[in-house]
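Residue numbers (the numbering used here): 2 to 449.
Okay, structure first, notes after.
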Ligand code: 5AD
Ligand code: SF4
């Protein structure tokens, strides 16, 4: 019997971890159709760009990549082959038909809620008939259709528990591209988590645009985390991204009580100025944020804090920016992401007066980054001499080296036997750079 050669699938993922998760699930639904992943777009039978719309740069990258892929499609056609090009993700949701107009080589556009329809959309594109677009919202259908048959390779995995956002921060496209808040039922999440644990996953990161708004079971995210913690083999639980408004008492308490809940929290504040926070429609002040951090640290004193910041939001004066710098100094971050405000069409802030000049944004971003980098280095330095449990995830560049993660999400480079891959071992931290730590195995832990 001759076997049909696998069709080659290339997926390029932009943006957030939700997209990384979605890309894996797209590969899952396409596998039964004979598609196997390849690392090269050139020559692939199906190219999927899973896109990000959050800032203008991210969107523009997609169009320039499509320009390259169009040429690959031409080359393949000259050799008698066929390449199908699909645009998925938030640009697909937001721009829809516009993509097909700007880049006619694109065969289909599929929004984040319609990935389960991919096989059908591809078949339709091949017949070159009818609708080339599917960008409507029905998250429940999506998750039901994607359930089961998940294949993972590593010891860490993402697990989407919630999608969408009802917060409508005035700068942000997510409520428009991902739709309203939707939580998957806890039973389905627990099933998926058990499947992951059976495949050797030791750490799950629960994903959601507003993950701590999760309400797929009584007791919300705290209760979900407690149920997940009971699954044998799942030693570590993380979640991202949270909103300060949804950081409830139960979740804070869980950080103090659940050893599986890792002491690392990504809790974006965006700005330290109350005037700007109001214009952003964040629903919290600098003070309420700082009080929240105090409570969280009371429950879990060693928690590592991370966040997102935007500089140059419309109307941001020097004094507002200084308020952000002040807040950063008070929180002391283990890491953070900072962005220049990017004007997104259709969002309220894009029409606000007082748009800030790019040079001013650049200067503020550089100062903020310098401070955040300093804090990250200081946090890493503070771990030197400590013994931390490290989950080994991948091999390092040097012979005999493994790379793992600390509870605080730091990368740790260690000389260790290959057999420790996928295991948690005690490591003494010897040195710290800004992006990673180096350490030595504590011998007893290898025997344990
Ligand atoms: N401009 C700059 N940064 C933005 N973010 C979201 N929208 C914008 C925008 N229009 C940032 C926020 C958010 C992160 C995912 O991206 O900080 O938390
Ligand atoms: Fe965007 Fe705000 Fe929702 Fe986060 S909370 S996804 S920044 S609207």
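Positions of the beta carbon are idealized from the N, C-alpha and C atoms, including for glycine.
These numbers were taken from a predicted model, which means no experiment stands behind them.
Assigned secondary structure, residue i (DSSP; H/G/I helix, E/B strand, else coil)
i           : result
residue 231 : coil
residue 26  : helix
residue 305 : strand
residue 178 : helix
residue 442 : strand
residue 130 : Low confidence applies to residue 130: its pLDDT is 44, below 50, so where it sits in the model is not reliable, and the reading given next is rough at best. In the structure shown, residue 130 sits in coil (DSSP, three-state: anything other than H, G, I, E or B).
residue 14  : strand
residue 85  : strand
residue 206 : strand
residue 155 : coil
residue 451 : This structure leaves residue 451 out entirely; the chain is present only between 2 and 449.
residue 60  : helix
residue 71  : helix
residue 271 : strand
residue 42  : coil
residue 385 : coil
residue 398 : coil
residue 452 : Residue 452 is absent from the structure shown; the chain starts at 2 and stops at 449.
residue 256 : helix
residue 286 : coil
residue 420 : helix
residue 211 : coil
residue 293 : helix
residue 278 : helix
residue 410 : coil
Of the listed residues the options, nearest to residue i (C-alpha basis)
i           : options               : result
residue 280 : 77, 24, 386 and 317   : 317
residue 86  : 119, 205, 55 and 58   : 119
residue 242 : 253, 207 and 264      : 207
residue 295 : 333, 373, 263 and 311 : 333
residue 335 : 341, 426 and 435      : 435
residue 387 : 358, 409, 348 and 429 : 429
residue 170 : 359, 7, 347 and 423   : 347
residue 310 : 324, 297 and 9        : 324
residue 232 : 195, 262, 270 and 291 : 195
residue 412 : 401, 396, 153 and 270 : 396
residue 258 : 238, 285, 301 and 17  : 301
residue 240 : 205, 424, 328 and 251 : 205
residue 181 : 211, 13, 327 and 269  : 211
residue 28  : 128, 89, 58 and 304   : 89
residue 327 : 245, 350, 357 and 373 : 373
residue 260 : 193, 229, 96 and 91   : 229
residue 368 : 339, 67 and 76        : 339
residue 356 : 389, 314 and 392      : 314
residue 157 : 37, 404 and 417       : 404
residue 63  : 389, 103 and 329      : 103
residue 365 : 312, 375, 382 and 378 : 312
residue 34  : 115, 8, 382 and 265   : 8
residue 127 : 438, 46 and 244       : 46
residue 463 : 94, 255, 417 and 168  : Lying before the first or after the last residue shown, residue 463 is absent from the chain, which here runs from 2 to 449.
residue 276 : 264, 307, 322 and 250 : 322
Bridge partner(s) assigned by DSSP for residue i
i           : result
residue 8   : 36
residue 390 : 427
residue 415 : 403 and 440
residue 1   : Residue coverage of the chain in this structure runs from 2 to 449, which leaves residue 1 outside it and unanswerable.
residue 51  : 14 and 89
residue 224 : Answer by DSSP bridge pairing: none, since residue 224 is not bridged.
residue 243 : BP columns for residue 243 are empty, so no partner.
residue 432 : 439
Beta carbon proximity, residue i to chain D, threshold 8 Å
i           : result
residue 151 : Judged by its chain identifiers, the structure shown contains no chain D, having just a single protein chain.
Exercise. Around the ligand SF4, which residues pass a check of Cβ closer than 6 Å to any of its heavy atoms?
Worked result: 166, 168, 169, 170, 173, 175, 176, 210, 211 and 244
Exercise. Could you give the uninterrupted runs of the beta strand (DSSP E) lying entirely in the stretch 298-376, keeping only those of 3 residues or more?
Worked result: 305-307, 309-312 and 338-341
Problem set entry | Start-end ranges of the alpha helix (DSSP H) lying completely within the stretch 158-204, minimum 4 residues | 175-178 and 187-199
Problem set entry | 4 or more residues per run - each alpha helix (DSSP H) lying fully within the stretch 87-124 | 90-96 and 98-103
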